[in-house]
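This is the structure in structure tokens:
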């Protein structure tokens, strides 16, 4: 309908109609840009709401875990007191406690390198991965890389 009206007006008032069409086209472009911006804003607001909800849920879980830990600590303390009353030595009680193995920074780095190498092997190689990682990739990825990829050639 609007197209028909603009065609009729174009026949009578060619220059005025052309100017009006330019204004309408610019208005339409502005509306499209505004709609895209509103859509992105709604997406961001939804993400923020979801993150706030997830944070609240994790806060509740953390409080539950903290309460359970305090209860278990009290229980352990009561059991240790009971052992002392029954005549167990401090050495025996200390040997019953679990020993925690501390991870060194080197172990953590090695684990991260293995995970990265496995991921790279599954994906077929990282885009732009340095050539010095080829040995690691072939070691953990199960596939030997003999020739550089196109992205590696472009970087050299």
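Residue numbers (my numbering): 1234 to 1389.
We put the CB at the ideal spot given by N, CA and C, even for glycine.
Since the model is a prediction, treat every value here as computed from it, not as a measurement.
In this chain, residue 1321 is not harboured by any alpha helix (DSSP H), its DSSP state being neither H nor E. Closest by C-alpha distance to residue 1327, out of 1280, 1312, 1347, 1258, is 1312.
Straight-line measurement puts the Cα of residue 1297 at about 39 Å from the Cα of residue 1271. DSSP places residue 1334 outside both helix and strand once states are collapsed to three, so it counts as coil. In this structure, the straight-line span from the alpha carbon of residue 1259 to that of residue 1266 is close to 11 Å.
Annotation: residue 1261 to residue 1294 spans about 49 Å, alpha carbon to alpha carbon.
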